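Step one of this worksheet: look at the structure below.
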Amino acid sequence: MSLPEPLSDPIVGIDLGTTNSLVAICDGAGPRVLCNEVGERMIPSAVRYSQGVAVAVGSAARRAAAEYACDTVMSAKRLMGRSFEEARARAGAGGDVSQLCASARGLAALRVGGAEVLPQEVAAVILRELRRIAELQLGVTVHRAVITVPAYFDDGQRQATRDAARIAGLDAVRIVNEPTAAALAYGIGSRGRAETIAVYDFGGGTFDVSILQVIPDDGSGDGDLFRVLATAGDTHLGGDDLDDELAQYFARTVGAAPSRALRDLAESTKIALSLHAHVDVEIDGVLGKPLQKRVTRLEFEAMIRPWVHKTIDACARVVRDAGSVSIDRVVMVGGSTRIPLVRQLVGEFFDREPYTALDPDLVVALGAAVQASVLRGDRRDVLLLDVIPLSLGIETVGGAVAKLLTRNAMIPARATELFSTSVDNQTSVRLQVLQGEREMACDCRSLATFELRGLPAMPAGIPQVEVVFLVDANGVLHVTAVERRSGCRASVQVVPAYGLTTDEIERIERESLVHARADMHQHRVVDLAVNSALDIKWIDEALRKTRSELTGQYVASLEGLLTQLRSFVEQARANARDVDANAFFAAKDALDRASVHLHELSIARSLREIPLAHMKGPHE
Ligand code: ADP
Ligand code: MG
Numbered sequence: 042m043s044l045p046e047p048l049s050d051p052i053v054g055i056d057l058g059t060t061n062s063l064v065a066i067c068d069g070a071g072p073r074v075l076c077n078e079v080g081e082r083m084i085p086s087a088v089r090y091s092q093g094v095a096v097a098v099g100s101a102a103r104r105a106a107a108e109y110a111c112d113t114v115m116s117a118k119r120l121m122g123r124s125f126e127e128a129r130a131r132a133g134a135g136g137d138v139s140q141l142c143a144s145a146r147g148l149a150a151l152r153v154g155g156a157e158v159l160p161q162e163v164a165a166v167i168l169r170e171l172r173r174i175a176e177l178q179l180g181v182t183v184h185r186a187v188i189t190v191p192a193y194f195d196d197g198q199r200q201a202t203r204d205a206a207r208i209a210g211l212d213a214v215r216i217v218n219e220p221t222a223a224a225l226a227y228g229i230g231s232r233g234r235a236e237t238i239a240v241y242d243f244g245g246g247t248f249d250v251s252i253l254q255v256i257p258d259d260g261s262g263d264g265d266l267f268r269v270l271a272t273a274g275d276t277h278l279g280g281d282d283l284d285d286e287l288a289q290y291f292a293r294t295v296g297a298a299p300s301r302a303l304r305d306l307a308e309s310t311k312i313a314l315s316l317h318a319h320v321d322v323e324i325d326g327v328l329g330k331p332l333q334k335r336v337t338r339l340e341f342e343a344m345i346r347p348w349v350h351k352t353i354d355a356c357a358r359v360v361r362d363a364g365s366v367s368i369d370r371v372v373m374v375g376g377s378t379r380i381p382l383v384r385q386l387v388g389e390f391f392d393r394e395p396y397t398a399l400d401p402d403l404v405v406a407l408g409a410a411v412q413a414s415v416l417r418g419d420r421r422d423v424l425l426l427d428v429i430p431l432s433l434g435i436e437t438v439g440g441a442v443a444k445l446l447t448r449n450a451m452i453p454a455r456a457t458e459l460f461s462t463s464v465d466n467q468t469s470v471r472l473q474v475l476q477g478e479r480e481m482a483c484d485c486r487s488l489a490t491f492e493l494r495g496l497p498a499m500p501a502g503i504p505q506v507e508v509v510f511l512v513d514a515n516g517v518l519h520v521t522a523v524e525r526r527s528g529c530r531a532s533v534q535v536v537p538a539y540g541l542t543t544d545e546i547e548r549i550e551r552e553s554l555v556h557a558r559a560d561m562h563q564h565r566v567v568d569l570a571v572n573s574a575l576d577i578k579w580i581d582e583a584l585r586k587t588r589s590e591l592t593g594q595y596v597a598s599l600e601g602l603l604t605q606l607r608s609f610v611e612q613a614r615a616n617a618r619d620v621d622a623n624a625f626f627a628a629k630d631a632l633d634r635a636s637v638h639l640h641e642l643s644i645a646r647s648l649r650e651i652p653l654a655h656m657k658g659p660h661e
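Terminal number for the sequence shown in this note's numbering: 661, no gaps in between.
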């Protein structure tokens, strides 16, 4: 794969966050977040000072924050462009005001490391670090950036952000609202449709929700317009509050006072509960004896529900403020939106499945990079097509690909297909979502994997798993799997166009032509192997049950054919490429025909099996 050309005079996209900051670029390979030399993409927005000089930034500053509490600035963004009085009033009862002081001009400033710094100066240190990371990764000098700010930032706060950029040697070519950036990352607005979207951003220390109206480019070439209709939120509500809730519960459980260690344990437990139904934790007890405790997701949800309801109240407020508009899409931003309860309640409130395909930590930075590439005028590199550029499907038994949507299908597009299990009493199915033109999963690009769990035990081939692929108007792929009998369901979202260039699509297409014959052969052999294995299993069982009713000669001929087919299955499993598919087919066909009599006997015993793991369903 050829690497994208280095951009000369690039414009980077920067998410200057309260807790973490990121820098991203959009080049020939689409938008991506850049990482520092130790592989970090999220740079903690923390700076440590000593005698008025910044001596540590990012993780280094965050790690030692407890040790150098007085010298380390965190969350400086909350003070950006505010007056001292305003900042003090807003910090409220819970806010930390120990570093807050008034500058000579009455602005909010911070007393750290024996000197006084303005929040702009702190932000500049973070921006300089992001600029350094970008220059390191891109190998060119960077002096232009698109920087995001919350939608509720006023002119003063926006100007403070520009000033910070200037101090860092960056020209802030555009200040973009964070919700607008999130929408841009999803390609919203790029297809010439007017839409109203809600952006729900639930981070570590802040929460906000905005309603945006997208007005498509009127042909003047100025680009789409994103208008903020309304915004609401709370600058002191975030994942930290959920950690506190759980830490207090832990503290009560062991009869200790809440501590830093308990909060850290609470955060890791919270994160694990986003994935698992329960987590076993070990809490250090007061007597030095660790206490084992199981926390279930249900218990955690009961603890955090009031907080999540607060965010939903804000959603109700913002919709009202926007004039009770109807919402076309909901975009999720911020680490706390990984919590299933948050997704569920937001989905229920807006009556739409929210967008979660892009990493909620990266989506704002990615969108800033998209905006930067629009400003540079090299947007044509970004794939925003009205057709599906490459086929989409899922892996079936044996590593073959069942394509549900083929390339060049117009979007929005939808397809449904029925699948079943290949092993008796399978209680979970792993689904791998694939993209590409080749026949085998290993030759395609894996977009996502997810699991359908909790299936009732049934013989192989009996469960009916309906898989639905929906590529919506913005190119977001929603995959849902439902087992029809039990109603078990699971779903995942991805953006298939991410990270693909037009060149790459052409290469994938070329390769599929080169390998077409070999791939078809392999797919055929793998399917034959899967179906033969099911036949063999079935015939073995039927033989065992009906042997007394059969002649010795018939049994011997069936067993001969079974042995022959078994050896083909084994060869296929070892190396499908080298199997003679026609001979394999002939062996299967011979057994099929010879077993008709056995079938008839078995049907009489009402032994019915569905032989295929892959059943074609009706396309919608
Ligand atoms: P901010 O916008 O304030 O900079 P982020 O968007 O980075 O914050 O979100 C950080 C918050 O997300 C933290 O409270 C963190 O614990 C939480 N978080 C991160 N991953 C998960 C997860 N998988 N489940 C629940 N919370 C998470
Ligand atoms: Mg954020």
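Quick reminder that beta carbons are idealized off the backbone N, C-alpha and C, glycines included.
Being a predicted model, the structure only gives us computed values, none of them experimental.
Hey, how far is the Cα of residue i from the Cα of residue j?
i: residue 299; j: residue 86; result: 25 Å
i: residue 422; j: residue 250; result: Unreliable placement is indicated for residue 422, whose pLDDT of 41 sits below 50; the coordinate value is still reported in the next sentence. Their backbone Cα atoms lie some 31 Å apart in a straight line.
i: residue 450; j: residue 429; result: 5 Å
i: residue 267; j: residue 490; result: 34 Å
i: residue 118; j: residue 297; result: 33 Å
i: residue 448; j: residue 608; result: 37 Å
i: residue 332; j: residue 325; result: 6 Å
i: residue 336; j: residue 318; result: 9 Å
i: residue 424; j: residue 379; result: Reliability fails at residue 424, whose pLDDT of 47 lies under 50, so the model's placement of it is uncertain and no value is given.
i: residue 244; j: residue 363; result: 23 Å
i: residue 465; j: residue 603; result: 21 Å
i: residue 134; j: residue 398; result: With a pLDDT of 45 at residue 134, under the threshold of 50, the predicted position of this residue should be treated as unreliable, and no value is reported.
i: residue 473; j: residue 521; result: 12 Å
i: residue 340; j: residue 97; result: 40 Å
i: residue 275; j: residue 213; result: 27 Å
i: residue 567; j: residue 240; result: 45 Å
i: residue 148; j: residue 409; result: 29 Å
i: residue 316; j: residue 615; result: 35 Å
Mark residue i as exposed unless 16 or more other C-beta atoms lie within 10 angstroms of its C-beta, in which case mark it buried.
i: residue 545; result: buried
i: residue 637; result: exposed
i: residue 61; result: buried
i: residue 592; result: exposed
i: residue 310; result: buried
i: residue 561; result: exposed
i: residue 188; result: buried
i: residue 181; result: exposed
i: residue 229; result: buried
i: residue 463; result: buried
i: residue 377; result: buried
i: residue 564; result: buried
i: residue 351; result: exposed
i: residue 498; result: exposed
i: residue 537; result: buried
i: residue 356; result: buried
Would you say the beta carbon of residue i is closer than 8 Å to some non-hydrogen atom of ligand 1?
i: residue 469; result: no
i: residue 115; result: no
i: residue 275; result: no
i: residue 414; result: no
i: residue 86; result: yes
i: residue 312; result: yes
i: residue 440; result: no
i: residue 337; result: no
i: residue 308; result: yes
i: residue 377; result: yes
i: residue 399; result: no
i: residue 247; result: yes
i: residue 386; result: no
Thinking residue i and residue j are a contact (beta carbons under 8 Å), I'd like their distance in whole angstroms, please.
i: residue 252; j: residue 359; result: 6 Å
i: residue 292; j: residue 303; result: 6 Å
Less than 9 Å between the beta carbons of residue i and residue j, yes or no?
i: residue 493; j: residue 482; result: no
i: residue 477; j: residue 431; result: yes
i: residue 209; j: residue 168; result: yes
i: residue 156; j: residue 200; result: no
i: residue 411; j: residue 226; result: yes
i: residue 128; j: residue 138; result: yes
i: residue 535; j: residue 511; result: no
i: residue 177; j: residue 77; result: yes
i: residue 216; j: residue 234; result: no
i: residue 74; j: residue 186; result: no
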